[in-house]
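According to this note's numbering, the sequence shown is numbered sequentially starting from 162. We treat Cβ as the ideally placed atom computed from N, Cα and C, and that holds for glycine.
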Amino acid sequence: MELKQLTQYIIKKALKEGADQVDVVAVKSTQNEVDVRLGEIEKLGSASPKGLGIRVIKNNKNAITSTSDFRQKSIDDLVSQTVQMAGVTSADEYSGLPEKSLQGIAEAKLNVYDKKIAKISPDKKIELAKKMEKIGMDFDKRITNSDGSSWSDSESTYVLADSNGFYGEQTTSRCGLSLSLMAEENDVKQTDYWYSSKRYFDQLDDIEKIAKTAAKRTLRKLGSIKPETQNVPVIFDPIVGRDFLEIISNVILGNAIYRKQSFLLDFLNEKVGVEGLTIVDDGLMKDGLGSRLFDDEGLPSRKNVVIDKGVLKTWLMDTYSGKKLGMKSTGNASRGIGGNPSPSTSNFYMAKGKYSPEEIIKSVKNGLYITSVHWTGVNNITGDYSRGAEGIWIKDGKLDHPVQEFTVASNMKDMMNSIEMIGNDLEFRGSTNAPTFKISEMTISGK
């Protein structure tokens, strides 16, 4: 059966067997991967996974099952099993489908599917990966090894249907290139990487740009020293800025709020950052890697301004967390085939500011330009922040020398209220993105 016919069949059968409400998610995809190292193919893979998940609600009791077996006998048995399971689980007054009147598909042209990607030959993908690695390896004699050059692509059709009568289907594509290199100087090795990931093949950075960026990022780490312990201004590059935003994204979700696991718990409609700080979640961004026409409960995707000029305006919620908090879903439900919906971000980003990265660096007499953080050291309840880090020390407004083997510490609320400059270099390289930005002071613990 086609996906639409299959989901309608499951819903009809589950209702007939006693379900009060039903929804079904079904996914069919193709995935391809090429890994090259030192000019040799290490991996050439292709897969076509599929799966579906059934959620049944009966007397406020909830059950979920999933399968990759689409044979009718298997589907029939799974539907019966799911309905039976829903009869014996614990009741939850907040479970259930969203109100039918809230459901729908956004009227937008997202441009999230590139049919050209499927026509790219394996030989072309291998060639791209090999050439990119060679450009990176040839960039400087100090680059002595490669951790690998990779191509990946995927195409996925996602279907959601439920007993409210909602049916949504969307096909998306994605492709990417990445390169990781190793450099050596005075018997000390350093590694770094760069990448590009887009919905459309023609939007990828060219392989020369990716390779040279990976090479420069690796080389700039050579000669790293441990900095002195001190309190200084810290500039976050866009990669570390993305990590900063991911911390915020975890604490503005509805489930973090009703579980009281957020340092922003009591700050709705309150000031939480400087006036220049605006953070947006936009499910309707053209070409966005997190864009979609409807969320995983069938609500239209939309743009939510989470923090507007420093003021926290909304949580991001699915139906369940909205009910728990006495609020409405913001169209941010997400789910896999084997789990309940839960809130998540789509295209989550910090709005760009007015300063160039060069202007921000120039503003610092003595401080840190941070380029990488390691291990999780964030308390989502208190906001305490402590991370192992790497970067480049700034002297008199210029990048001076690389630094490693230190920690950078503060508190997320203090950091959000201490952002002094925000860059104009916002790029959408993933589903979470930030420009360069400067925090007035953090603690560097080194030697």
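Extent of the continuous alpha helix (DSSP H) to which residue i belongs
i	result
serine 209	Counting along the chain, serine 209 falls outside any alpha helix (DSSP H), and DSSP gives it neither H nor E.
tyrosine 419	415-419
proline 399	399-412
threonine 168	164-177
aspartate 575	573-577
isoleucine 522	518-523
isoleucine 368	368-380
leucine 450	No alpha helix (DSSP H) holds leucine 450; DSSP gives it neither H nor E.
leucine 486	480-486
Simplified DSSP assignment, three categories, for residue i
i	result
threonine 250	coil
tyrosine 546	strand
glycine 297	helix
proline 609	Outside the displayed range of the chain (162 to 608) lies residue 609, so it cannot be described from this structure.
valine 433	coil
glutamine 242	helix
lysine 474	coil
isoleucine 553	strand
glutamate 613	Coverage of the chain is limited to positions 162 through 608, which leaves residue 613 absent and any answer about it impossible.
threonine 491	coil
isoleucine 202	strand
phenylalanine 589	coil
serine 503	strand
arginine 232	coil
proline 461	strand
glycine 607	coil
glutamate 566	strand
valine 259	Inspection of the sequence shows that residue 259 is occupied by proline rather than by valine. In the structure shown, proline 259 sits in coil (DSSP, three-state: anything other than H, G, I, E or B).
leucine 271	coil
leucine 425	coil
glutamine 264	coil
proline 388	coil
leucine 365	coil
Nearest candidate by alpha-carbon position, reference residue i, set the options
i	options	result
leucine 271	Asp545, Pro563, Gly444	Gly444
serine 315	Val349, Leu321, Tyr361	Tyr361
valine 393	Gly497, Thr597, Tyr530, Ser503	Tyr530
glycine 492	Ile498, Lys485, Asn465, Ser517	Asn465
alanine 494	Arg463, Asp456, Gly471, Ser235	Asp456
arginine 496	Asn221, Val569, Ser507	Ser507
leucine 342	Ala376, Thr332, Leu176	Ala376
glutamate 288	Ser517, Val435, Ser571, Asp196	Asp196
valine 188	Ala180, Leu164, Phe300, Trp536	Leu164
leucine 414	Lys387, Asp442, Arg403, Thr390	Asp442
alanine 247	Val564, Lys489, Trp355, Leu176	Leu176
Residue i: first and last residue of the uninterrupted beta strand (DSSP E) it sits in
i	result
methionine 511	509-511
glutamine 192	182-198
alanine 344	328-346
isoleucine 583	580-583
glycine 528	527-535
leucine 321	304-323
serine 357	349-359
serine 227	222-228
valine 539	Counting along the chain, valine 539 falls outside any beta strand (DSSP E), and DSSP gives it neither H nor E.
isoleucine 440	440-443
Residue i classed as buried or exposed, judged by whether at least 16 other C-beta atoms fall within 10 angstroms
i	result
threonine 593	buried
isoleucine 202	exposed
methionine 162	exposed
serine 251	exposed
arginine 378	buried
threonine 305	exposed
alanine 208	exposed
alanine 279	exposed
asparagine 220	exposed
threonine 243	buried
glutamine 182	buried
Cβ distance (whole Å) where residue i is taken to contact residue j below 8 Å
i	j	result
glycine 528	isoleucine 396	7 Å
arginine 198	serine 307	6 Å
leucine 587	glutamine 264	No, leucine 587 and glutamine 264 are not in contact; Cβ-Cβ is about 32 Å, not under 8 Å.
serine 229	glycine 214	Incorrect: roughly 11 Å between the Cβ atoms, too far for contact.
glycine 558	serine 524	7 Å
cysteine 336	leucine 365	7 Å
aspartate 398	threonine 532	5 Å
lysine 599	isoleucine 542	In fact, because the Cβ distance is near 27 Å, the residues do not count as touching under 8 Å.
leucine 425	leucine 473	6 Å
leucine 450	serine 462	In fact, because the Cβ distance is near 14 Å, the residues do not count as touching under 8 Å.
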